[in-house]
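**Student:** Sharing a structure below in structure tokens format, with a few things to ask.
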Amino acid sequence: MNRREFLKTASATAVAAGSGIAAPAIFSPARADARSETLLIVSESGPNNLDIQGVGTNVPGYEVSWNCYDRLISHEMKTGDNGIPYYDRAKFKPELAEDMAVGDMSATFKLRKDATFQDGAPVTAADVKWSLDRAVTVGGFPTFQMKAGSLEKPEQFVVVDDHTVRIDFLRKDRLTVPDLAVIVPGILNSGLVKKNATDADPWGLEYTKQNTAGSGAYKVTKWTAGTEVVLERNEDWKGGPLPKIRRVIWRMVPQAGNRRALLERGDADLSYDLPTKDFAEMKAAGKLSLVSTPYSNGIQYIGMNVTKPPFDNPKVRQAVAYAIPYQKIIDAVMFGLAKPMFGAPADSATQVAWPQPHKFNTDMAKAKALLTEAGFPDGFETTLSFDLGFAGVNEPLCILVQESLGQIGIKATINKIPGANWRTELNKKEMPLYTNVFSGWLDYPEYFFFWCYHGQNSVFNTMSYKSPAMDALIEGARTAAANGDMASYDTDVKGFVDLAFTDIPRIPLYQPYVNVAMQPRVSGYQYWFHRRLDYRSLVKA
Amino acid sequence: MLTQLTKRLATAIPSLIGVIIVTFLLTRVLPGDTAAYFAGPAASAEAIEEIRVKLGLDKPLYEQFVDYIGALFSGDLGVSLTTGQPVIEDIITRLPASAELTLFGLVVAMLIAVPLGIVAAVKQGSWIDHACRIVATAGVSLPVFFTGLLLVYVFYFILGWAPAPLGRLDVFFSAPEPITGFLLIDTLLVGDLETFWAALAQLAVPAATLAIFALAPITRMTRASMLSVLSSEFVRTARASGLSPYKVVVTYAFRNAMLPVITTLGMVFSFLLGANVLVEKVFAWPGIGSYAVEALIASDFAPVQGFVLAMAILYVLLNLLIDLLYGVIDPRVRMEG
């Protein structure tokens, strides 16, 4: 082969390869039609189970459950602070129940007579009872979440007739009704699931892991774990107006840069877990429709283990609270996309609300003075831990905190904990200093405080904080709320917020934002307490 | 031939046993608690302990090992926590995706690298030899994920020639029922040309990424091997006998230069399987590499063990194939074997 011949073949190869690359993605007009009725969502990770009541279901799995199952009731919408529809904590609307009558010690639900499951079977009171029994029996997260609303025993769920269910209250609890509108108590097709259950698996968890068996607006028609989920609209849905989106294709794209490229090129319709920096840049570019909403009842915080020195000393904790570079964190880590939870004016009154900002600010002189007063004029050594699973935020945040603490003599060694191990480490309650996020589905101050500050010492009370005064205030607020005694409720809520800020076992930093990026042709996004997407309201023009 | 095959297979068994033991031990020393993961975000210590017992993780290590081996013989590799599927099914659905990508990349690399290496050796010191050196240097010095991101940026984001990096098929195409698991072959078997072209378009950029990575070693080895053969006695004799340069280079020299090239190909193939991990991440390719990485990050034992085992078996089979190829190319090897 001489040079000329070689060149000829080489360029021929290049042309062939080039045409392969250049092959356009769309060939037929039929596919263009399919595109307009299909929503393409890209996200980092996908579900590992299609049933929220399953064992170890991850958060993307919640999204499937929310869209494929109906609950007895759901929430009305109101307009949020950013003009985006936001679920109304106080107002409920029917989903499977067409009527709800809440009595003193029970609530009665009349079911829609026309509602059917996706296989055509009618939705009956027996299905409702079976599903609620299942939620309080299977254990793990679903049972825990039901308990949060005092829903604990199968005996509480009574079939009155084919289309009427009564839920008896174990005790008066303001959270019982709201807890029926969270993701967990979705109603399953009991006949279908029982048919697929085995002696070893009486609740059919293996079946619902792979198949959706509900009466919801969507059903999963294809699921390739780790790759994609395809959902089709249920044409017979009775729980509300028929959704506009016929088909949802949810693809997993691990590379954040590619997710952004897909959005910017207009190939993907929606993505919601981009790094804050990308999001801030895309917001500045203004080509896409971007929505940021603060997490309801959620806070990123710095926690301290109060059972061991030196953090058992409130003065040390206050010193740390004065040494946090709050504003730098908002600017450099969150690129402004977070709601500050610090620096309230010194004379401002405590609100009956949560989250609300505390009065600490970055004040190194005060921090140093408090530390000296506490008996550590030269500071001390400790470790600052974070979850590597969220390194994008946690790592720069911890570096800023470490640098700032160094100025008052606290030498903090950064301890990066792999995502898989984070929960184990939190459960041990041995980390002296760490950053973490907690957010509760039920947006009530007493709910947050019961899990995070109460002496029952749940896994979310990561500081092991125990105070009889705090417990009395939290319990007082819960009782007052259940009995509708709003005057003592307000006093108790203000009381526990004040105590949490004086004792400061955990230092709130900011409310993170849920950032959703959409093509301008996509509208109808709604914010929900679970922070996942509700496909039912989305529209693609 | 048959005895050689049996002998070679027999020697592979100890290595497989070793792989099984080492991965079992390694996954147990990884940080992360499977039971805590399974128990969910709100689990109490008792709930975690209950799940630990259910999963058999409370047993002593040797008992767990016996359980693992027992399950292995019945074809049960356990269940993945991250995908929620049995590992064996995950591997069966994902391995063809990786294999298709790797083989396609390797074939493209070979088609470019082998002729390039030969020409570089024949025309030593010419511009094509220098070009060959540049290609080789560029190939080894560019990390695959970088090449991948760069190609996506140029061909998808800027030029818009390549389809979106969304895995094996554009979302609006549906893959045919798997026959071989190789999309390019399956679509042709069912006669769906449209999907074939779509699959090829998706494959082009990731395969090019791998091909760039694989070019360097193959080109260099072909060139070096050809050079040593070209300077040997029998080539000089052949030339002196007046045979055409084409016959000398292709029939005599290249056939003899092939052995080291084949060895290199085997090595490159196994490197590519490793490089795949990053390429799959970049292109959202539903292959086995990205699967293993996700499992590793989540301390998900079963898929990691399954992955290592699958790779070990693949590697053993590959080496076997290469040994047999040696025999075909050079009968002397066969006689010694």
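These protein sequence lines map, in sequence, to chains A and B.
Per UniProt numbering, the first sequence starts with residue 1, numbered consecutively.
Per UniProt numbering, the second sequence starts with residue 1, numbered consecutively.
Every residue gets a Cβ at the ideal spot worked out from N, C-alpha and C, and that includes glycine.
Quick caveat: nothing in here was measured; it's all calculated off a predicted structure.
Following the continuous alpha helix (DSSP H) through B:Tyr315, name the residue where it begins and the one where it ends.
**Tutor:** Taking the second sequence and counting its residues from 1, the one referred to as residue 315 of chain B is at position 315. B:Tyr315 -> alpha helix (DSSP H) spans 301-329.
**Student:** Who pairs with A:His75 in a beta bridge, going by DSSP?
**Tutor:** The residue labelled residue 75 of chain A in the question sits at position 75 within the first sequence. DSSP, once it has assigned bridges, lists A:Phe92 as partnering A:His75.
**Student:** Please go through the same chain and pick out, in chain order, the residues whose beta-carbon is closer than 7 Å to the beta-carbon of A:Lys315, but skip the five residues on each side of it.
**Tutor:** Within the first sequence, numbered from 1, the residue matching residue 315 of chain A stands at position 315. Hits under 7 Å: Leu370, Glu373, Ala374.
**Student:** Please list, in chain order, the residues of the stretch 61-83 of chain B that have any C-beta partner in chain A closer than 9 Å.
**Tutor:** Ser80, Leu81, Thr82, Thr83
**Student:** Following the continuous beta strand (DSSP E) through A:Ile167, name the residue where it begins and the one where it ends.
**Tutor:** Mapped onto the first sequence, residue 167 of chain A falls at position 167. 164-168 is the extent of the beta strand (DSSP E) around A:Ile167.
**Student:** Is there a C-beta anywhere in chain B that falls below 8 Å from the one on A:Asn436?
**Tutor:** Taking the first residue of the first sequence as position 1, residue 436 of chain A is located at position 436. No, A:Asn436 lies away from the interface with chain B (no Cβ there is under 8 Å from its Cβ).
**Student:** Could you please tell me which residues of the stretch 399-419 of chain A, in chain order, have their CB closer than 7 Å to any CB of chain B?
**Tutor:** Pro418, Gly419
**Student:** Determine the closest residue to A:Pro202 out of A:Glu228, A:Ala135, A:Phe169, A:Ile84, with distance taken between C-alpha atoms.
**Tutor:** As a first step, residue 202 of chain A must be located in the first sequence, where it is residue number 202. If we check each option's Cα against that of A:Pro202, A:Ala135 comes out closest.
**Student:** Using a Cβ-Cβ cut-off of less than 8 Å, list which residues of the stretch 438-464 of chain A approach chain B; keep chain order.
**Tutor:** Ser458, Val459, Phe460
**Student:** With DSSP run on the structure shown, which of helix, strand or coil describes A:Val220?
**Tutor:** Your numbering for residue 220 of chain A matches position 220 in the first sequence. In the structure shown, A:Val220 sits in a strand (DSSP, three-state: E or B).
**Student:** Listed in chain order, which residues of the stretch 286-307 of chain B have Cβ atoms closer than 8 Å to some Cβ of chain A?
**Tutor:** Pro286, Ser290, Tyr291, Glu294, Ile297, Ala298, Ser299, Asp300
**Student:** Given that a residue counts as buried once 16 or more other Cβ atoms are within 10 Å of its Cβ, and exposed if not, what is B:Tyr246?
**Tutor:** If you number the second sequence from 1, residue 246 of chain B lands on position 246. Exposed, by the Cβ-count rule.
**Student:** For A:Gly240, go through chain B and note every residue whose CB falls closer than 7 Å to its CB, in chain order.
**Tutor:** Position 240 of the first sequence holds residue 240 of chain A. Within chain B, not a single residue places a beta-carbon under 7 Å from that of A:Gly240; the smallest gap is close to 27 Å.
**Student:** Output needed for B:Thr195: all residues of its chain with C-beta closer than 6 Å, excluding positions within five of it in sequence on either side, in chain order.
**Tutor:** Sequence index remark: in the second sequence, residue 195 of chain B carries index 195 (1-based). Cβ within range, chain order: Phe173, Thr187.
**Student:** Taking only the alpha-carbon atoms, compute the straight-line gap between A:Gly149 and A:Gly484 and give it to the nearest angstrom.
**Tutor:** Here residue 149 of chain A refers to the residue found at position 149 when the first sequence is read from its first residue. Here residue 484 of chain A refers to the residue found at position 484 when the first sequence is read from its first residue. Taking the straight line joining both Cα atoms gives about 16 Å.
**Student:** Mark A:Ile41 as exposed unless 16 or more other C-beta atoms lie within 10 angstroms of its C-beta, in which case mark it buried.
**Tutor:** Start at 1 with the first residue of the first sequence, and residue 41 of chain A comes out as number 41. Buried.
**Student:** Evaluate the contact criterion for the stretch 424-439 of chain A versus the stretch 388-408 of chain A: three or more CB pairs, one atom per stretch, below 8 Å.
**Tutor:** yes
**Student:** Three-state secondary structure (DSSP) at A:Phe117?
**Tutor:** Indexing the first sequence from 1 puts residue 117 of chain A at position 117. Three-state DSSP puts A:Phe117 in coil, outside helix and strand.
**Student:** Along chain B, which residues have their Cβ under 8 Å away from the Cβ of A:Val253?
**Tutor:** Counted from its first residue, the first sequence places residue 253 of chain A at position 253. What A:Val253 touches in chain B: Pro165, Leu166, Ala284.
**Student:** So, are the CB atoms of A:Asn427 and A:Ala225 less than 8 Å apart?
**Tutor:** Translated into the one-based positions of the first sequence, residue 427 of chain A becomes position 427. Translated into the one-based positions of the first sequence, residue 225 of chain A becomes position 225. No.
**Student:** To the nearest angstrom, report how far apart B:Leu193 and B:Ile179 are at their CA atoms.
**Tutor:** Counting from one through the second sequence, the residue named residue 193 of chain B turns up at place 193. Counting from one through the second sequence, the residue named residue 179 of chain B turns up at place 179. Approximately 16 Å, taken between the alpha carbons.
**Student:** Return the chain-ordered list of same chain residues with a C-beta closer than 6 Å to the C-beta of A:Ala482, the five sequence neighbours on each side being excluded.
**Tutor:** Indexing the first sequence from 1 puts residue 482 of chain A at position 482. Around A:Ala482: Lys172, Asp173, Arg174.
**Student:** With a threshold of 8 Å between beta-carbons, can A:Lys209 be considered close to chain B, or not?
**Tutor:** Sequence index remark: in the first sequence, residue 209 of chain A carries index 209 (1-based). It does; some Cβ of chain B falls within 8 Å.
**Student:** Would you call the stretch 293-313 of chain B and the stretch 60-79 of chain B touching, i.e. three or more CB-CB distances under 8 Å?
**Tutor:** yes
**Student:** Between which two residues does the alpha helix (DSSP H) holding A:Pro60 run?
**Tutor:** Residue mapping note: residue 60 of chain A aligns to position 60 of the first sequence, counting from 1. Start and end: 59-68.
**Student:** List the endpoints of the continuous beta strand (DSSP E) containing A:Asp387.
**Tutor:** Here residue 387 of chain A corresponds to residue number 387 of the first sequence, with the count starting at 1. Here the beta strand (DSSP E) through A:Asp387 covers 381-387.
**Student:** For a quick check, are the C-beta atoms of A:Tyr218 and A:Tyr527 less than 8 Å apart?
**Tutor:** As a first step, residue 218 of chain A is located in the first sequence; it is residue number 218 there, counting from the start. As a first step, residue 527 of chain A is located in the first sequence; it is residue number 527 there, counting from the start. The answer is no: Cβ separation not under 8 Å.
**Student:** Looking at chain B, is there any beta carbon in it that lies within less than 8 Å of the beta carbon of A:Leu538?
**Tutor:** Along the first sequence, read from residue 1 onward, the residue named residue 538 of chain A stands at position 538. No - not a single Cβ of chain B is within 8 Å of the one on A:Leu538.
**Student:** What is the DSSP secondary structure of A:Trp250, counted as helix, strand or coil?
**Tutor:** Sequence index remark: in the first sequence, residue 250 of chain A carries index 250 (1-based). Strand, per DSSP.
**Student:** Just checking: is the beta-carbon of B:Val171 within a distance shorter than 8 Å of some beta-carbon in chain A?
**Tutor:** By 1-based counting over the second sequence, the position of residue 171 of chain B is 171. Yes - at least one Cβ of chain A is within 8 Å of the one on B:Val171.
**Student:** Please list, in chain order, the residues of the stretch 137-160 of chain B that have any C-beta partner in chain A closer than 8 Å.
**Tutor:** Leu149, Val152, Tyr153, Phe155, Tyr156, Phe157, Gly160
**Student:** CB residue 543 of chain A to CB A:Ile414, shorter than 8 Å?
**Tutor:** Limits of chain A in this structure are 1 at one end and 541 at the other, which puts residue 543 of chain A out of reach.
**Student:** Of all the options B:Met258, B:Val29, B:Pro217, which has the alpha carbon lying nearest to the alpha carbon of B:Asp330?
**Tutor:** By one-based count along the second sequence, residue 330 of chain B stands at place 330. Nearest option by C-alpha distance: B:Met258.
**Student:** In chain B, which residues lie less than 8 Å from A:Gly204 when you measure between Cβ atoms?
**Tutor:** Against the first sequence, residue 204 of chain A aligns to sequence position 204. In chain order: nothing, as chain B lies at least about 15 Å away.
**Student:** Could you check the C-alpha separation between A:Gly495 and A:Pro357 for me, to the nearest Å?
**Tutor:** If you number the first sequence from 1, residue 495 of chain A lands on position 495. If you number the first sequence from 1, residue 357 of chain A lands on position 357. Going from the Cα of A:Gly495 to the Cα of A:Pro357 covers about 15 Å.
**Student:** Would you mind reading off the limits of the alpha helix (DSSP H) that contains A:Lys411?
**Tutor:** Taking the first sequence and counting its residues from 1, one reaches residue 411 of chain A at position 411. A:Lys411 -> not in any alpha helix (DSSP H); beta strand (DSSP E) instead, spanning 411-417.
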